[in-house]
Amino acid sequence: MRNILGIGAGYVGGPTMAVIADQCPEHKVTVVDINHAKIDAWNSDQLPIFEPGLDDLIQRVRGRNLFFTTDVEQAIREADIIFVSVNTPTKTYGEGAGLAADLQFWEKTARQIREFSSESKIVVEKSTVPVRTAVAMERILNDKDSDLHFDVLSCPEFLAEGTAIRDLEEPDRVLIGGRHETESGRAAMQTLHDIFAHWVPPERILHSNVWSAELSKLASNAFLAQRVSSINAISAICEKTQADISEVSRAIGLDQRIGSRFLNASVGFGGSCFKKDLLNLVYLCRFYGLEEAAEYWMWVVKFNEYQMNRFVDRILRKMFNTINGKRIVLFGFAFKANTGDTRESPAIHVTHRLLEERAEVVITDPRAIPNARKDLQGCNATFCEDPYEAVQGAHAIAVMTEWDLYRQLDYQRIYDAMEKPAFVFDGRNILDHQGLFEMGFHVFPIGKQA
Ligand code: NAD
Ligand code: UGA
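Under the working numbering, residues 181 to 630 are what the sequence shown spells out, in order.
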C-alpha cells in the first residue's frame, strides 16, 4: 500500500486523484488544497466542479481510500508519491507578463514539500509547466545538506473538461517523463508506471525524458488550438464564397492523415489552457531566440481573437448596424458543453462587445450561470436559467455553447415569443438551420451562407 498525495484540488487534481483512488483500492489517496471552501465542497454533496460521472465516482471512493483535507503539512509527511496539480496561469506582472507561466504556486508547493518531508519521495508534475521546469524543482527539493532525495517526474495531464472521467479512465496515452540515466530515476518511473498499469494498457504508457514530456504537453495543446483556428479560418472564407464549413470539414476530415475530430468551427476556442499554453510556448520560443516559431504560434492566438470579433461584427451587420437597446440572448456561457467552467470563454468577450454596442444581453446556461455572474460582475447583463423565459421579447439568439439542450428546444414557441425579425446566430452550428429558416427565423450559422 502506498500513500499517494495530490496537491491542488481543481479541475485536474480532483478528478485525477479520484480516478487513481477508484482504480487502485489498495492505495490511500489524499487531496489537499489551500482553499478551504473548495475542500469543504469536495467533502459535501455539492462538488466544486461539474463533470459527467464525477458525483458517482466521488460517492464511491470518498471516505474509502480518497480523502480531502487542508492539512498540507500532515499530508506531505505521510506521502510516498506527490502529484502536483496546482494552477500555472499566465503571469500578469514583471518579466514575461502576458506570456510566461506564473510558477509561484508550483514553486511554493515545492518548498512546502521540502519543508514538511522527513523521507525521500517521488514528485510528479501534473500541472502544465514550461519545458525545463523540473530542473528548478530538483534544485529546490534536493538540498545538498539533506539526506533526502526527490525524483521529479513529468506526467502531464491530457484530460478535457466535460469528458474528464472518461479521458482519465481510458486515456489515449499516459506520458511519464523521467531520468532514465539514473537508477533512482528509473525506479521512480517504474513506480508511477505501476500505478497507471492498474487500468491503462501497457502500450499506452509512454516513457520519455523529462523535457520531452514537459514539451509534449505544450505542443499538444498548441496543435489542438491551431486546429480550431485553422477550421475557423476556413469558416471565414466559407461565409464569403457559398462553401459550407460542415461539408468542407467532412471532406478534409476523411483524409486519414488529417482525421475527422476537432474540426468544428466555432466562435473561437476558450478554456483555461489553450491560450495560456500557446502564450507560454511563444515566450519559450522567444527566450531561445526563435522569433519565427514564436510568431507562428502567436498567430493562432491572434486569429482566435479575430474569430470572436468576426462573430460580433456579423451580428451587428446583419441586425442593420445597430443593436442599441436590442435584447440578445446568449445560449450558453460555458467555454464548451458539459462543464460549468467559463474560464476564457468566448462568451465573455462577446458579451463585452455586445454591451459596448449597448445591447441588452441576457445569458442562459444550464451549468455556468454562477461563474458567468462572477465573470460579468459590474456589467449590465442579466441571467436567466430558463431559455424560454430568456427569449421573451428578444431580437436575437446567439448560440455560444454546444449544449444538447439547445438542440431540443421548441423553436416554434421561441419564435412566437421573439420580436420580428427574429435572428439566430449559431456560433456552434448545432441547430437545424433549414427548419429554423422555414419557421421564419433569419439564420446565420458559422461558416455558411445565411
Ligand atoms: P484549478 O485552478 O482548477 O486548480 C488548482 C488548485 O491548486 C486550486 O484549487 C488552488 O487553490 C490550488 N493550489 C494552489 N497553490 C496551492 C498550494 N501551494 N497548496 C495546495 N493547493 C494549491 O486549476 P486546474 O484547471 O485544475 O489546472 C491545474 C493545472 O493543470 C494547470 O497547470 C493546467 O494548465 C493543467 N491542466 C488543466 C486542465 C483542465 O482541463 N483544466 C487539463 C490539463 C492540464
Ligand atoms: C483541452 C485539451 O483538449 C486537453 O487535451 C487538455 O488537457 C486541456 O485543454 C488542458 O490542458 O487544459 P479543454 O480545454 O477542456 O481541453 O477542452 P477542448 O475540448 O479541447 O476545447 C477547447 C476549446 O476549443 C473549447 O472552447 C471548444 O469549444 C473549442 N473547440 C474544440 C472548437 O471550437 N472546435 C472543435 O472542433 C473543438
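For glycine and all other residues, C-beta sits at the position ideal for the given N, C-alpha and C. Since this is a predicted model, take the numbers as computed values, not measurements.
Where residue i falls: helix, strand or coil (DSSP)
i, result
"K397", "helix"
"A416", "helix"
"K554", "helix"
"D225", "coil"
"S265", "coil"
"K301", "strand"
"R242", "strand"
"S334", "strand"
"S473", "Note on residue identity: the sequence assigns Ala, not Ser, to residue 473. Reduced to three states, the DSSP call for A473 is helix."
"K208", "strand"
"A405", "helix"
"A445", "coil"
"A514", "coil"
"T270", "strand"
"T308", "coil"
"A597", "helix"
"T522", "coil"
"T502", "coil"
"T343", "coil"
"A561", "coil"
"A217", "helix"
"A281", "strand"
Boundaries of the beta strand (DSSP E) in which residue i is found, first to last residue
i, result
"S388", "I385 to N389"
"L355", "V354 to G358"
"P625", "H622 to P625"
"R507", "R507 to F511"
"L185", "N183 to I187"
"T544", "E540 to T544"
"I577", "A576 to V579"
"D202", "Taken as a continuous stretch (DSSP letters only), D202 belongs to no beta strand (DSSP E), being part of the alpha helix (DSSP H) at G193 to Q203."
"D606", "F603 to D606"
Limits of the unbroken alpha helix (DSSP H) element including residue i
i, result
"L461", "F454 to F467"
"E258", "V252 to E258"
"T371", "E363 to F376"
"T313", "T313 to L321"
"V380", "Taken as a continuous stretch (DSSP letters only), V380 belongs to no alpha helix (DSSP H), as it is neither H nor E."
"Q614", "H613 to M619"
"P567", "P567 to A570"
"W286", "Q284 to F296"
"S426", "I425 to G433"
Reference residue i; option with closest CA among the options
i, options, result
"N183", "I200, S334 and Q226", "I200"
"L646", "I438, D282, V380 and E318", "No information on residue 646 is available, as it lies outside the stretch 181 to 630 that the chain covers here."
"W477", "V408, H216 and P526", "V408"
"V354", "E582, I385, H378 and N444", "I385"
"F563", "Q370, R359, R507 and Q226", "R507"
"V332", "G188, A367 and D352", "A367"
"L321", "A340, R490 and K301", "K301"
"A527", "V481, D612 and D555", "D555"
"F467", "K208, G233, E275 and V241", "E275"
"R608", "L398, S334 and G448", "G448"
"D606", "L616, Q239 and A340", "L616"
"G505", "N560, A517 and G342", "N560"
"R497", "P195, H622 and G512", "H622"
"A514", "G451, P382, F483 and G243", "G451"
"G188", "L464, C204 and P228", "P228"
"N245", "Q292, L185 and D584", "L185"
"S388", "F491, I356 and L434", "I356"
Residues of its chain near residue i, where Cβ-Cβ distance is below 6 Å and the 5 sequence neighbours each way are ignored
i, result
"S415", "I425, A445, I626 and G627"
"T250", "H216 and I219"
"D352", "none"
"F454", "N401 and A405"
"Q572", "A597"
"F248", "V211, I219, W222 and N223"
"I495", "F605"
"V509", "V542, A570, V571, A574 and I577"
"N412", "A445 and Q487"
7 Å Cβ shell around residue i - same chain, five flanking residues per side excluded
i, result
"Q422", "Q629"
"E636", "A question about residue 636 goes unanswered here, because the residues of the chain that appear run from 181 up to 630."
"A377", "I385"
"F230", "T519, G520 and R547"
"R587", "I610 and L611"
"M619", "Y591, Q592 and Y595"
"G365", "D331, G358 and R359"
"M580", "V447, L510, F511, G512, F513, P526, A527, V530 and G607"
"D213", "G188, A189, I219 and T250"
contact_flag[the segment 541-555, the segment 470-489] where n(CB pairs < 8 Å) is 3 or more:
no
Does the count of Cβ pairs from the segment 306-314 and the segment 387-397 closer than 8 Å reach three?
yes
Are the segment 263-274 and the segment 444-462 in contact at 8 Å, needing three or more beta carbon pairs?
yes
Would you say the segment 240-256 touches the segment 296-305, given that touching needs at least three Cβ pairs under 8 Å?
Segments in contact, yes.
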